[in-house]
Amino acid sequence: MAKKQFTPLYPAHERLGNFELRSFPDLMQFIEEGPGWRKRVWGHGKAFLLYIGRNKSEHTFLRFRSEVEKFLLWCFIVKGEDPTGFRKHEILEYVDFCWAPPTSWISQFNMEKFRQKNGVYHSNPHWTPFRADSPSSEHDKSQTNRYRPSQQSLIATFTGVIAFYRFLMEEEVCLGNPAQLAKRDCRYLVRDSQVQQIKRLTESEWQTLLQSASSMADGDGVYERNLFLIAALKTLFLRISELSERKEWVPAMGHFWTDSNGNWWLKVYGKGRRIRDVTVPPSFLSYLKRYRLHRGLSALPGIGENAPIIEKIRGRGGLTARQLSRLVQGVLDHAYENMLASHGPDRAQKFREVSSHWLRHTGASLEIERGRALKDLSEDLGHSSMATTDTIYVRSEEKKRAASGKGRRVE
Numbered sequence: 162m163a164k165k166q167f168t169p170l171y172p173a174h175e176r177l178g179n180f181e182l183r184s185f186p187d188l189m190q191f192i193e194e195g196p197g198w199r200k201r202v203w204g205h206g207k208a209f210l211l212y213i214g215r216n217k218s219e220h221t222f223l224r225f226r227s228e229v230e231k232f233l234l235w236c237f238i239v240k241g242e243d244p245t246g247f248r249k250h251e252i253l254e255y256v257d258f259c260w261a262p263p264t265s266w267i268s269q270f271n272m273e274k275f276r277q278k279n280g281v282y283h284s285n286p287h288w289t290p291f292r293a294d295s296p297s298s299e300h301d302k303s304q305t306n307r308y309r310p311s312q313q314s315l316i317a318t319f320t321g322v323i324a325f326y327r328f329l330m331e332e333e334v335c336l337g338n339p340a341q342l343a344k345r346d347c348r349y350l351v352r353d354s355q356v357q358q359i360k361r362l363t364e365s366e367w368q369t370l371l372q373s374a375s376s377m378a379d380g381d382g383v384y385e386r387n388l389f390l391i392a393a394l395k396t397l398f399l400r401i402s403e404l405s406e407r408k409e410w411v412p413a414m415g416h417f418w419t420d421s422n423g424n425w426w427l428k429v430y431g432k433g434r435r436i437r438d439v440t441v442p443p444s445f446l447s448y449l450k451r452y453r454l455h456r457g458l459s460a461l462p463g464i465g466e467n468a469p470i471i472e473k474i475r476g477r478g479g480l481t482a483r484q485l486s487r488l489v490q491g492v493l494d495h496a497y498e499n500m501l502a503s504h505g506p507d508r509a510q511k512f513r514e515v516s517s518h519w520l521r522h523t524g525a526s527l528e529i530e531r532g533r534a535l536k537d538l539s540e541d542l543g544h545s546s547m548a549t550t551d552t553i554y555v556r557s558e559e560k561k562r563a564a565s566g567k568g569r570r571v572e
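So for the sequence shown, the working numbering puts the first residue at 162; every next one is plus one.
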């Protein structure tokens, strides 16, 4: 498998809904040159993803599209068999492939799937089904040679393929779910009962990041978005998706509101399609005012204001989660360079490992250390119960176990 023989199979959901195969000539050639069942199975995948796109979040659609695409490419190219007739051992064979895919199937960066030219969409020759996740400091060719999926990636693989077969069963295409059976026997899945470390920044590391963003914004107004974004993610405990524009929700300035006591809140559309209100502390209002005044808006939002919370510099509307992540990465890169110059590579390395979600964890962890009531923090985070917040951030059971273990003696 040294030579690439694959093409991405499915475009974005909005394009998939009005799909014409002839507008994707490379994909059409790949589908029609295969055995007759290939086009039929590809159609099952399309129907499944249209169902997911209609009824689930954009994040879920992207995750399932990735897994179904990998699975069907393996069926089409490697196995060469119709997956509607698979049993458990074929699924385990696929997982063996996912554990050590050919390097030609792996890249280190997210690539666009299709490129438009002359009214049609050509497959991107640099796109690959697998991505070698690594800290940005380690983007070198050796990462693809050392690729191994994480436990989270393996679980995501099974989740996607199980959901696909469940859909096929409901459509009366398959009688059973071989992926569900295979998951129980997968030798790569490990039961994890380790003490989990929270991926967060310390107070001093957060201050370094905030100062980096402030200096960027002071030097060039184009970075005002970056400063506002990282302040919001950390202080309001937001997921990156909760500030992104989605087809069913556009975060607007009017979602900031005040109650009868003058307290500020932010209405957030979050995980599980639930809307919650997050407390907005007075310390955050200065960042909100700064960003709004930079945009030529009034200092604070008004009722029903439709301007997106974070806007595009060119064009209209809000930003996608991926675009927002790039803004965060720009600040992280700047903080890394500052720390590298002032404290050396060991201290700077942390900023090569951070993702945007660390900021939510950082804000929540610092609130726990401040002594905030767990119930109030849990509601701001959008957790379904205080037990979830305790398990992630307080970890009272782990603290009890650690304390009870200190009395052991060697002699």
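Built from N, CA and C at the ideal position, the CB exists for glycine as well.
{"Check": "Going by DSSP, which residues form a beta bridge with residue 248?", "Outcome": "DSSP, once it has assigned bridges, lists no residue as partnering residue 248."}
{"Check": "Rounded to the nearest angstrom, what separates residue 385 and residue 447 at their Cα positions?", "Outcome": "13 Å"}
{"Check": "For the pair the segment 422–435 and the segment 502–518, tell me if three or more CB-CB distances fall below 8 Å.", "Outcome": "no"}
{"Check": "How do the segment 177–197 and the segment 276–285 stand: do at least 3 beta-carbon pairs fall below 8 Å, yes or no?", "Outcome": "yes"}
{"Check": "Along the beta strand (DSSP E) that carries residue 438, what are the first and last residues, could you check?", "Outcome": "436–441"}
{"Check": "So residue 290 packs on residue 234, CB below 8 Å; how close in whole Å?", "Outcome": "6 Å"}
{"Check": "Here's the rule: buried if 16 or more other CB atoms are within 10 angstroms of the residue's CB, otherwise exposed. What is residue 275?", "Outcome": "buried"}
{"Check": "Is residue 524 buried or exposed, if buried means 16 or more other CB atoms sit within 10 Å of its CB?", "Outcome": "buried"}
{"Check": "Output needed for residue 168: all residues of its chain with C-beta closer than 6 Å, excluding positions within five of it in sequence on either side, in chain order.", "Outcome": "187, 188, 191 and 284"}
{"Check": "Verify whether the separation of the beta carbon atoms of residue 480 and residue 405 is less than 8 Å.", "Outcome": "yes"}
{"Check": "Using the Cα positions of residue 253 and residue 321, report the straight-line distance between them to the nearest angstrom.", "Outcome": "14 Å"}
{"Check": "Where does the unbroken beta strand (DSSP E) through residue 277 begin, and where does it stop?", "Outcome": "275–278"}
{"Check": "In this structure, how does DSSP classify residue 553 when only helix, strand and coil are distinguished?", "Outcome": "helix"}
{"Check": "Unbroken alpha helix (DSSP H) runs of length 4 or more, entirely within the segment 190–256: which are they?", "Outcome": "197–216 and 219–234"}
{"Check": "According to the neighbour-count rule (16 or more other Cβ atoms, all chains shown, within 10 Å of its Cβ), is residue 504 buried or exposed?", "Outcome": "exposed"}
{"Check": "Use the C-beta contact count for residue 496: other C-beta atoms within 10 angstroms, 16 or more gives buried, fewer gives exposed.", "Outcome": "buried"}
{"Check": "Should residue 336 be labelled buried (16 or more other beta-carbon atoms within 10 Å of its own) or exposed?", "Outcome": "exposed"}
{"Check": "For residue 418, which three-state DSSP category applies?", "Outcome": "strand"}
{"Check": "At what residues does the beta strand (DSSP E) containing residue 430 begin and finish?", "Outcome": "425–430"}
{"Check": "For residue 326, report the span of its beta strand (DSSP E) as first-last.", "Outcome": "Here residue 326 belongs to no beta strand (DSSP E); instead the alpha helix (DSSP H) covers 312–331."}
{"Check": "Excluding the 5 residues preceding and the 5 following residue 178 in the sequence, name in chain order all residues of the same chain whose CB lies nearer than 8 Å to its CB.", "Outcome": "211 and 214"}
{"Check": "Any idea what DSSP makes of residue 268, helix, strand or coil?", "Outcome": "strand"}
{"Check": "Straight-line CA distance for residue 164 to residue 250?", "Outcome": "With a pLDDT of 46 at residue 164, under the threshold of 50, the modelled position of this residue cannot be trusted; read the value that follows with caution. So the two alpha carbons sit approximately 27 Å from each other."}
{"Check": "Helix, strand or coil: which one does DSSP assign to residue 530?", "Outcome": "helix"}
{"Check": "Would you kindly report the start and end of the unbroken alpha helix (DSSP H) that includes residue 495?", "Outcome": "482–504"}
{"Check": "Would you call residue 262 buried or exposed, if buried means 16 or more other Cβ atoms sit within 10 Å of its Cβ?", "Outcome": "buried"}
{"Check": "Can you tell me whether residue 469 is helix, strand or coil according to DSSP?", "Outcome": "strand"}
{"Check": "So, for residue 300: in the same chain, excluding its five sequence neighbours on each side, which residues have a beta-carbon less than 8 Å away from its beta-carbon?", "Outcome": "With a pLDDT of only 49 at residue 300, under 50, the local geometry of the prediction cannot be trusted, and the value read off the model is given with reservation. So the list reads 269 and 270, once near-sequence residues are dropped."}
{"Check": "Can you grab the Cα-Cα spacing for the pair residue 535 / residue 547, in whole Å?", "Outcome": "7 Å"}
{"Check": "If you compare alpha carbons, which of 402, 568, 216 and 201 is closest to residue 236?", "Outcome": "201"}
{"Check": "Could you please give the first and the last residue of the uninterrupted beta strand (DSSP E) stretch that includes residue 284?", "Outcome": "281–284"}
{"Check": "Which whole-angstrom value describes the C-beta separation of residue 267 and residue 390, a residue pair presumed to lie in contact below a C-beta threshold of 8 Å?", "Outcome": "The pair is not a contact, with the Cβ atoms about 31 Å apart (cut-off 8 Å)."}
{"Check": "With 16 as the cutoff for other CB atoms within 10 Å, does residue 318 come out buried or exposed?", "Outcome": "buried"}
{"Check": "Rounded to the nearest angstrom, what separates residue 174 and residue 245 at their Cα positions?", "Outcome": "24 Å"}
{"Check": "By a C-beta neighbour count over all protein chains shown, 10 Å radius and 16 as the cutoff for buried, is residue 423 buried or exposed?", "Outcome": "exposed"}
{"Check": "Check the DSSP bridge columns for residue 292 and list the partner residues they point to.", "Outcome": "268"}
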